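Protein chains in written order, with numbering that gives the first Met the number 0: chain L, 0 to 221; chain S, 0 to 221.
Every residue, glycine too, gets a C-beta built ideally from N, C-alpha and C.
Because the structure is a prediction, the values reported are computed rather than measured.
Number of protein chains: 2
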Amino acid sequence: MAQTQGERKAETRARLLAAGADLFADRGIDGVSVDAVAEAAGRTSGAVYAHFGSKQGLLLAVLDAWKQSVLTVLFAEVAITDSPLGQLAAVWDNIGNNPDTDSDRWSLLEHELWQRAARDPEVADALRARSIESRGRSAHELSRWASTMSVQPVADPDDLATLVKALLTGLEMQRRIEPASVNCDLAVRGLAALMGMSPVPGDSDRTTSPRQRNTVTHDTPA
Amino acid sequence: MAQTQGERKAETRARLLAAGADLFADRGIDGVSVDAVAEAAGRTSGAVYAHFGSKQGLLLAVLDAWKQSVLTVLFAEVAITDSPLGQLAAVWDNIGNNPDTDSDRWSLLEHELWQRAARDPEVADALRARSIESRGRSAHELSRWASTMSVQPVADPDDLATLVKALLTGLEMQRRIEPASVNCDLAVRGLAALMGMSPVPGDSDRTTSPRQRNTVTHDTPA
DNA sequence: CACATTGCATAGTGGGCACTATATATGTAG
DNA sequence: CTACATATATAGTGCCCACTATGCAATGTG
Chain L
0 MAQTQGERKA ETRARLLAAG ADLFADRGID GVSVDAVAEA AGRTSGAVYA
50 HFGSKQGLLL AVLDAWKQSV LTVLFAEVAI TDSPLGQLAA VWDNIGNNPD
100 TDSDRWSLLE HELWQRAARD PEVADALRAR SIESRGRSAH ELSRWASTMS
150 VQPVADPDDL ATLVKALLTG LEMQRRIEPA SVNCDLAVRG LAALMGMSPV
200 PGDSDRTTSP RQRNTVTHDT PA
Chain S
0 MAQTQGERKA ETRARLLAAG ADLFADRGID GVSVDAVAEA AGRTSGAVYA
50 HFGSKQGLLL AVLDAWKQSV LTVLFAEVAI TDSPLGQLAA VWDNIGNNPD
100 TDSDRWSLLE HELWQRAARD PEVADALRAR SIESRGRSAH ELSRWASTMS
150 VQPVADPDDL ATLVKALLTG LEMQRRIEPA SVNCDLAVRG LAALMGMSPV
200 PGDSDRTTSP RQRNTVTHDT PA
């Protein structure tokens with residue numbers, strides 16, 4: 000007996016979710032056929048329909064499995080950095096400065112989902128739940144950070160988390176269109192302004208110069 | 000002679016572009032067939048291929064025709080507002096606080112294009128050109144504004160324009176997922192921080208309370 | 001008034017894809 | 001060992017859609 004049926008089923012499900020996340024991020028949801036996902040997972044489309052019922056079901060399951068993964072990594076990276084501005088730089092490096100990494104693909108997938116949410120209430124609900132939860136976690140970390148640093152951010156923790164996420168998201172988008180227009184120093188200046196850290200020293204300061212990339216890796220959620 | 004051939008051709012082209020922009024924004028590029036665009040324009044798919052060669056050609060033409068329209072309206076709205084914080088509020092109202100208006104649909108279309116640009120170099124080039132140009136205009140307006148107001152923004156005009164656009168884009172995205180988490184006051188606080196206007200008064204200040212909506216309208220570019 | 005050209009319509013055509021119906025093989029229970 | 005249950009494979013089916021080939025009526029030209 001190589002595997003029980005339950006084990007095989009669980010493995011198939013995990014493979015399909017991983018393949019779905021990968022391909023959806025790479026080629027876009029509409030650019031990927033159910034057969035392609037199944038093949039990438041070493042299965043056939045029959046398995047997808049047995050597990051998820053439809054392509055949409057697979058999509059929602061991918062979204063669900065994906066919760067928290069990016070934020071968890073982010074906090075880990077910030078924790079192992081020391082200077083205040085260096086920590087802001089670590090935030091940017093994780094969100095928007097990692098071409099061809101896991102976080103890069105997650106962010107493309109997030110955009111795919113966002114776009115679909117604009118027209119599909121079911122996806123919108125799922126994304127909203129995720130958004131509320133991750134903002135809560137960010138707000139907590141940000142308020143701890145602000146009191147440690149003795150700075151006065153421009154809004155209360157929850158609103159501050161919204162502003163920070165918005166700025167990072169917008170910068171990351173801009174970077175994809177026009178990489179030259181966005182760099183780490185710029186992101187740090189923007190973040191510092193929101194955190195109430197005035198005024199940021201110039202480029203000569205080494206805290207915002209190119210950093211050795213830390214290597215906390217993402218693991219695909221179960 | 001009702002129309003010369005040239006007039007008819009020009010009208011068909013304009014109709015197709017308008018219908019394409021509308022439908023692409025509404026249902027997504029992949030969610031709209033060439034036949035649907037043609038029908039919305041009162042023509043048939045033959046006209047689309049005669050004018051643009053392919054669906055992609057139509058898309059690029061839509062992108063091209065769309066240049067500047069949003070920024071032009073934005074500056075007009077800001078110009079007819081008086082108080083400094085009121086002007087920041089006017090910026091947000093135009094970018095992110097207008098459900099079911101033209102600017103709302105433009106922003107959805109912008110996201111459609113952004114997403115496609117992530118996988119299609121031809122679209123990416125077109126978007127990049129648009130981005131550079133509009134940042135230039137914004138930088139100019141922002142630096143004028145900053146010197147008029149005697150404030151010291153957190154970065155030079157070009158970088159400041161990038162930060163402002165990023166923040167507005169991110170807030171607008173967040174608003175679509177979770178409208179309650181973003182309001183005008185929050186946007187004004189964030190913008191003010193980037194502009195170096197410390198510290199923003201609380202909510203009781205009337206400058207950020209609900210404003211009568213101005214009515215500068217978009218015109219579909221020729 | 002011949003007749004070329006243009007602008008668009010009409011009518012396919014082939015391919016891709018979401019989804020279904022059913023078969024098969026492997027594990028499971030009595 | 002028999003009989004059933006389950007997980008996935010196989011083989012369609014019908015639809016949608018980008019794109020093409022061609023027709024045709026209106027416009028332009030001498």
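What H110/S touches in chain L, judged by beta-carbon distance under 7 Å, is Q114, going in chain order. Here P152/L has A145, L159, M194 and G195 as same chain residues with Cβ atoms under 6 Å from its own Cβ, once five neighbours each way along the sequence are excluded.
In terms of Cβ geometry, L62/S and L112/S form a close pair [threshold 8 Å].
Runs of the alpha helix (DSSP H) lying entirely within the region 60–98 of chain S, each at least 4 residues long, are 68–78 and 83–95 in chain order.
Of the residues assessed, A88/L falls on the buried side of the cut-off, its CB having 16 or more other CB atoms within 10 angstroms. Contact between D29/S and D29/L holds, with the beta-carbon distance rounding to 4 Å and staying under 8 Å.
Around the CB of I94/S, 16 or more other CB atoms lie within 10 Å, so the residue is classed as buried. Neighbours of D158/S across chain L, judged by C-beta separation under 7 Å: L185. Here I28/S carries a coil assignment [DSSP, helix/strand/coil]. Interface annotation, A123/L: in contact with chain S, CB-CB separation under 8 Å. By the rule that beta-carbons nearer than 8 Å mark a contact, D29/L touches chain S. Distance between P98/S and D92/S, taken at the CA atoms: about 10 Å. Rounded to the nearest whole angstrom, the C-alpha separation of A125/S and E171/L is 18 Å.
Within the region 1–34 of chain L, the residues whose Cβ lies closer than 8 Å to some Cβ of chain S are R26, G27, D29 and G30, listed in chain order. Here the alpha carbons of A39/S and T11/S stand approximately 11 Å from one another. Contact between S130/S and I176/L holds, with the beta-carbon distance rounding to 5 Å and staying under 8 Å. In chain order, V33 place their CB closer than 7 Å to the CB of K54/L, counting only its own chain and leaving out the 5 sequence neighbours on each side. Between the alpha carbons of H110/L and Q2/S lies a gap of roughly 45 Å. For S102/S, no chain L residue has a C-beta closer than 9 Å to its own C-beta; the minimum C-beta separation is roughly 15 Å. Q86/L is classed as buried because its beta carbon has at least 16 other beta carbons within 10 Å across all chains shown. A direct Cα-to-Cα measurement between A192/S and S142/S gives close to 15 Å.
When C-alpha distances from V77/S are compared across S137/S, H50/S and K8/S, the shortest belongs to S137/S. Membership of A138/L in the alpha helix (DSSP H) is indicated by the continuous run P120 to M148. The continuous alpha helix (DSSP H) containing R104/S extends over residues D101 to A116. Sorting D81/S, A13/S, V31/S and V72/S by C-alpha distance to the C-alpha of H50/S places A13/S at the top. Look at L87/S: its C-beta is not under 8 Å from any C-beta on chain L. Here A179/S is exposed. Its C-beta has fewer than 16 other C-beta atoms within 10 Å. Counting along the chain, the unbroken alpha helix (DSSP H) around V36/S starts and ends at V33 to A39. Excluding five sequence positions before and after A46/L, the CB atoms of its chain that fall closer than 8 Å to its own CB belong to T11, L15, A37 and A40, given in chain order. Under the Cβ distance rule, Q173/S counts among the residues neighbouring chain L, one pair being separated by less than 8 Å. Counted as a single uninterrupted DSSP element, the alpha helix (DSSP H) harbouring Q173/S occupies residues P156 to I176. Taking a C-beta distance under 8 Å as the contact criterion, V163/S and L185/S do not qualify as a contact pair.
For D157/L, the CB contacts under 6 Å within the same chain, skipping 5 residues up- and downstream, are A138 in chain order.
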